[in-house]
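Under the working numbering, the first residue of the sequence shown is numbered 1, with each subsequent residue one higher.
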Amino acid sequence: MKIKIIILFLILINFVFMQAEVAEAKGIIIADDQKILEIFRDSDQNQIIELAQDIREYDKVILHLGSQKVFSRGHPFFYRTSKENLSIFARQLKKQDQKFYLWFLDSFGSEMFLNIYNDHQQIIDSNYQYLKKLDFDYEGLVIDLEWINLGLKAGSDTNQARYLEVLEYLKNKFETKELYAFMSIVNDQQENISRGYPEKEILKYLDNLIVMLYLKDSGFYLAEGELKMTLRDNRIDSLREYYQANNYQTAVSLEGGIFLERDEILYFIKTTNNFSYHEQSQLFYSNENKYYKTSGFILKKELILKRNDGQINRLKKGDRLHFLEINRDNLLIENDYIWEYFQMQK
Numbered sequence: 001m002k003i004k005i006i007i008l009f010l011i012l013i014n015f016v017f018m019q020a021e022v023a024e025a026k027g028i029i030i031a032d033d034q035k036i037l038e039i040f041r042d043s044d045q046n047q048i049i050e051l052a053q054d055i056r057e058y059d060k061v062i063l064h065l066g067s068q069k070v071f072s073r074g075h076p077f078f079y080r081t082s083k084e085n086l087s088i089f090a091r092q093l094k095k096q097d098q099k100f101y102l103w104f105l106d107s108f109g110s111e112m113f114l115n116i117y118n119d120h121q122q123i124i125d126s127n128y129q130y131l132k133k134l135d136f137d138y139e140g141l142v143i144d145l146e147w148i149n150l151g152l153k154a155g156s157d158t159n160q161a162r163y164l165e166v167l168e169y170l171k172n173k174f175e176t177k178e179l180y181a182f183m184s185i186v187n188d189q190q191e192n193i194s195r196g197y198p199e200k201e202i203l204k205y206l207d208n209l210i211v212m213l214y215l216k217d218s219g220f221y222l223a224e225g226e227l228k229m230t231l232r233d234n235r236i237d238s239l240r241e242y243y244q245a246n247n248y249q250t251a252v253s254l255e256g257g258i259f260l261e262r263d264e265i266l267y268f269i270k271t272t273n274n275f276s277y278h279e280q281s282q283l284f285y286s287n288e289n290k291y292y293k294t295s296g297f298i299l300k301k302e303l304i305l306k307r308n309d310g311q312i313n314r315l316k317k318g319d320r321l322h323f324l325e326i327n328r329d330n331l332l333i334e335n336d337y338i339w340e341y342f343q344m345q346k
């Protein structure tokens, strides 16, 4: 009798443990083109295996291949070694029982979208043929055609119909694959339609939307000398409710970093998850929110700081820096995708 009770107890503990693991399961997005080029073009295949093993905790992986004809010159996967390593990466993910998604077709604004639209059949056909030759397993595709009506002249035709045309061609070409799209939408269907995204029509072609919840990219400003985010806690909650009610997938950016204040204007200059300049600065405010924390620092002495674009900033005593730190424990929920792998290493 005691043995049976012990066995049942162990089974229960194992079940609870497995459920906890499932609750933590998330997807990861790999999107830094320069880093992707450096790793996948290199002849050292150990880097590819190490990258795959480093992300084995995630059950879904999205890899950015490029914006248009991704196997042509000028893209990371033009090179022989990068194609070979892509196949190795796919096989390693399959071995680790992870779902693998390939991302191409990128644009921002109406002008870039129309450039892709005018050539979308040739782009899709080219990528399809190369992927067919490489012959590795992957679950599906992701596209990222953002703000397709942004910049249109008054009275111009909107791009909804063209967007749906791209989706239809892509779905027919890759008919055995899942299809998703990154999308910047809010909890207002009319507003989403004005942006170019009639959700119900789009979902006729997609397996789902991947909505983007990127705090830093959604806007920031200076008020009363402090860093403020456009997305406040209550706004994030209302967006989450809309996304969950529609069963949309969500990509969450954990990007925090340093803002430089100049003439009462903020400039985001460096992605980092840790503020490592406490000895050179003095804290003058700190605000804790549900999903993020903001802080301000006055430099006590000169500081040399390398920006995201590689440029060197020589900051002087008295300059003000502001820091955004994301509370990932509160912001992330089950099955979110995390944007972005290489940012998390900073």
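Don't be surprised by glycine CBs; every beta carbon is placed ideally from N, CA and C.
In this structure, DSSP gives Asp217 a helical state, which the three-state scheme calls helix. Spanning the alpha carbons of Leu315 and Lys306 requires a straight line of approximately 11 Å.
In this structure Ile148 is buried. Its beta-carbon is surrounded by 16 or more other beta-carbon atoms within 10 angstroms.
If you draw a straight line from the Cα of Ile55 to the Cα of Gly74, it is about 27 Å long. Nearest neighbour of Phe220 by Cα position, chosen from Leu231, Val211, Ile49 and Ile210, turns out to be Leu231. Between the region 82-90 and the region 139-159 there are fewer than three C-beta pairs closer than 8 Å, too few to call the two in contact. With respect to the C-alpha of Glu325, the residue from Gly296, Asn273, Ile312 and Gln343 having the closest C-alpha is Asn273. Gln311 is classed as exposed because its beta carbon has fewer than 16 other beta carbons within 10 Å across all chains shown. Check the Cα spacing between Ser194 and each of Gly151, Asn208, Lys228 and Lys173: the tightest is with Gly151. Under the three-state reduction of DSSP output, Asn287 falls in the strand class. Counting the other Cβ atoms within 10 Å of the Cβ of Ser276 gives fewer than 16, which makes it exposed. Annotated three-state conformation of Gln345 is helix, per DSSP. Looking only at His322, Ser281, Phe40 and Leu283, the smallest Cα-Cα distance to Leu266 is reached by His322. Boundaries cannot be given for Ser67, as no beta strand (DSSP E) includes it and DSSP labels it neither H nor E. The straight-line gap separating the alpha-carbon atoms of Gln244 and Gln129 is approximately 36 Å.
If you ignore the 5 residues before and after Leu331, its C-beta comes within less than 7 Å of the C-beta of Val252 and Tyr291, all in its own chain and listed in chain order. Note that the C-beta distance between Ser110 and Ile116 is not below 8 Å.
The Cβ atoms of Val70 and Ile28 do not sit closer than 8 Å to each other. In this structure, Leu254 sits near Met344, with a CB-CB distance shorter than 8 Å. For the pair Phe284 and Ala181, the Cα-to-Cα distance works out to about 42 Å. In the DSSP assignment, Gln121 falls within the unbroken alpha helix (DSSP H) covering His120 to Leu134. Note on Thr294: 16 or more other CB atoms within 10 angstroms of its CB, so buried under the neighbour-count rule.
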